[in-house]
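J.: Take this structure, written in structure tokens, and hold onto it; I'll ask about it next.
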Amino acid sequence: MPSGSEIRDVQRATWAGLSAGWEKWDSVIMEQLGPVGTAMIDRLDIAEDQQHLDIAAGTGEPGLTVANLAPRGHIVLTDLAAEMLDIATRRANAQGITNFETKVCSADALPFNDSTFDSVSVRFGYMFFPDVAKATAEFARVLKPGGRLCSSVWVKPEENPWTTIAMQAIATELVVTPPDADGPNMFRCAAPGYVSAVYEGAGLRDVAEWDVDVELVTRSPAQYWEMVSEHVSLAVAALQQVDEPARQRIATTVIAKVSTYEADGEVRIPGVARCIIGTK
Ligand SMILES: C[S@@+](CC[C@H](N)C(=O)[O-])C[C@H]1O[C@@H](n2cnc3c(N)ncnc32)[C@H](O)[C@@H]1O
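For the sequence shown, my numbering assigns the number 230 to the initial residue and increments by one for each residue that follows.
Now the structure itself:
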């Protein structure tokens with residue numbers, strides 16, 4: 230098992246490398262993940278003057294939506310990868326959002342005082358932290374008493390064909406080594422109750438979890454493949470290990486499979502995320 234600092238170094242480099250894909254496909258990704266951000270924000274009770282911390286904010290969500298809801302508040306977007314936060318700043322500037330700042334830091338070592346924030350969000354970040362318990366203890370530390378933490382993770386692969394279609398096709402050309410069960414990977418937190426138990430271990434109360442449906446919508450099967458092969462962490466890593474003919478065969482397999490989801494000029498592939506709420 231790699232050390233915490235090795236995990237952070239790999240994650241930082243991985244997300245720096247994925248950042249161009251996330252910016253290129255921003256509108257498609259944001260449409261897919263939007264219902265999860267909305268579900269999280271609904272439970273955070275955002276006030277006009279909310280002091281909010283978005284962890285693993287990547288290209289800015291759900292933190293920038295919170296910034297819009299809290300015109301007299303202040304939002305701090307944090308992430309391990311400066312390249313992702315640079316995109317968040319460009320997205321904020323394009324939307325005229327000014328009540329925010331960005332900070333490059335790891336979730337498990339936050340440079341903030343105790344009891345600073347009214348709320349903390351973590352959309353699709355938990356799976357990549359070196360130590361989820363240590364990170365959650367940090368979130369609890371920087372929350373004010375009564376403040377809320379809401380996060381989201383992916384449920385099991387079988388319920389997320391938007392990514393498993395690509396991974397199954399890749400597996401026909403490459404022996405994909407299963408990731409370390411307790412190391413960073415997209416489905417590490419998929420077991421029901423996994424994140425809730427971590428919240429309770431950090432002393433949070435009123436912990437609850439619920440599932441949210443998503444849909445990845447693209448104009449065509451070919452666009453689906455282009456997008457997934459440029460921004461999904463597992464797919465990008467696996468594709469680096471195959472040659473061009475194998476890549477072409479994978480693309481053909483994926484496009485044929487995805488065609489079964491095509492209707493009325495678009496492709497809609499479902500997925501399921503889980504949100505977890507807790508109060509300090
Ligand atoms: C799937 S993206 C989610 C981005 C955004 N929250 C969203 O939902 O659109 C995962 C993010 O986690 C960040 N990340 C990975 N390890 C991290 C760590 N130890 N601390 C903070 N952020 C981390 C990555 O850099 C990446 O931006």
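In this text, a Cβ means the ideal position worked out from N, Cα and C, and glycines have one as well.
(1) State the Cα-Cα distance for the pair E252 and T482, rounded to the nearest angstrom.
(2) Of the residues G233, A245, S256 and T267, which one's Cα is nearest the Cα of A442?
(3) Since C504 and V265 are thought to touch, with beta carbons under 8 Å apart, how far apart are those beta carbons, to the nearest angstrom?
(4) Grab me the residues of A464's own chain with a C-beta within less than 6 Å of its C-beta, minus the 5 sequence neighbours each way, in chain order.
(5) Throw me the rounded Cβ distance for the P421 and N414 pair, which I believe falls under 8 Å.
(6) Starting from the C-beta of A321, find all residues in its chain whose C-beta is less than 7 Å away, skip the five residues before and the five after it, and write them out in chain order.
(7) Do T508 and D411 have their CB atoms nearer than 8 Å?
(8) Could you tell me how far apart the beta carbons of A522 and D255 are, in whole angstroms, since I believe they sit closer than 8 Å?
(9) Do you know how far the Cα of A485 is from the Cα of R237?
(10) Quick one: what does DSSP say K385 is sitting in, helix, strand or coil?
(11) On the DSSP bridge assignment, give the partners of A492 in chain order.
(12) Please report how far the alpha carbon of P374 lies from the alpha carbon of F346, in whole angstroms.
(13) Rounded to whole angstroms, what's the CA-CA distance from V333 to G430? Just pull it up for me.
(14) Taking just the CA atoms, how far does A475 sit from A467?
(15) Let me check understanding here. Comparing Cα to Cα, which of Q470, T447, T406 and A480 lies closest to D573?
(16) Alpha carbon to alpha carbon, what distance is there between D360 and V239?
(17) Could you give the uninterrupted runs of the beta strand (DSSP E) lying entirely in the region 450-476, keeping only those of 3 residues or more?
(18) Could you pull out every residue in the same chain whose Cβ sits closer than 7 Å to the Cβ of E277, ignoring the five residues on either side in sequence?
(19) Please find out if some non-hydrogen atom of ligand 1 comes closer than 7 Å to the beta-carbon of A286.
(20) Is A395 near ligand 1, in the sense that its beta carbon is under 7 Å from a heavy atom of that ligand?
(21) Might you give, ordered along the chain, the residues of its own chain that have their beta carbon closer than 7 Å to the beta carbon of R497, omitting 5 neighbours on each side?
(22) Just confirm the distance between the C-beta atoms of V305 and L273, as a whole number of angstroms; I'd bet it's less than 8 Å.
T.: In brief:
(1) To locate residue 252, count along the sequence shown from 1; it is residue 23. To locate residue 482, count along the sequence shown from 1; it is residue 253. Rounded to whole angstroms, E252 to T482 spans 26 Å at the Cα level.
(2) Looking up residue 442 in the sequence shown gives position 213. For the sequence presented, residue 442 should be read as Asp rather than Ala. Among G233, A245, S256 and T267, the Cα nearest to that of D442 is on T267.
(3) As a position in the sequence shown, residue 504 is number 275, starting the count at 1. As a position in the sequence shown, residue 265 is number 36, starting the count at 1. Confirmed, about 7 Å.
(4) As a first step, residue 464 is located in the sequence shown; it is residue number 235 there, counting from the start. A395, V457 and S458, listed in sequence order.
(5) To locate residue 421, count along the sequence shown from 1; it is residue 192. To locate residue 414, count along the sequence shown from 1; it is residue 185. At roughly 17 Å, the Cβ-Cβ gap does not stay under 8 Å, so P421 and N414 are not in contact.
(6) Here residue 321 is taken as the residue at index 92 of the sequence shown, counted from 1. Only G289, L293 and F329 meet the Cβ criterion.
(7) By one-based count along the sequence shown, residue 508 stands at place 279. By one-based count along the sequence shown, residue 411 stands at place 182. Cβ atoms of T508 and D411: not closer than 8 Å.
(8) For residue 522 there is no data in the structure shown, the boundaries of the chain being 230 and 509.
(9) For this step, residue 237 is matched to residue 8 along the sequence shown. For this step, residue 485 is matched to residue 256 along the sequence shown. Going by the C-alpha atoms only, they are around 37 Å apart.
(10) One-based indexing of the sequence shown puts residue 385 at position 156. Reduced to three states, the DSSP call for K385 is coil.
(11) Translated into the one-based positions of the sequence shown, residue 492 becomes position 263. Bridge partners of A492: E495.
(12) Position 145 of the sequence shown, counting from 1, holds the residue named residue 374. Position 117 of the sequence shown, counting from 1, holds the residue named residue 346. Going by the C-alpha atoms only, they are around 9 Å apart.
(13) If you number the sequence shown from 1, residue 333 lands on position 104. If you number the sequence shown from 1, residue 430 lands on position 201. About 26 Å.
(14) Locating residue 467 in the sequence shown gives position 238, where the first residue counts as 1. Locating residue 475 in the sequence shown gives position 246, where the first residue counts as 1. Cα-Cα distance, rounded: 12 Å.
(15) There is no way to answer for residue 573, as the model of the chain reaches only from 230 to 509.
(16) Mapped onto the sequence shown, residue 239 falls at position 10. Mapped onto the sequence shown, residue 360 falls at position 131. Straight-line measurement puts the Cα of D360 at about 14 Å from the Cα of V239.
(17) none
(18) Stepping through the sequence shown from its first residue, residue 277 is reached at position 48. The residues are A299, P300, R301 and G302.
(19) Translated into positions along the sequence shown, residue 286 becomes position 57. Within the cutoff, so yes.
(20) Counting from 1 along the sequence shown, the entry for residue 395 is found at position 166. For ligand 1, not one heavy atom lies less than 7 Å from the Cβ of A395.
(21) Taking the sequence shown and counting its residues from 1, the one referred to as residue 497 is at position 268. Excluding sequence neighbours, R497 sits near E444, V446 and Y490.
(22) For this step, residue 305 is matched to residue 76 along the sequence shown. For this step, residue 273 is matched to residue 44 along the sequence shown. Their Cβ separation, rounded to whole angstroms, is 15 Å, which puts V305 and L273 out of contact at 8 Å.
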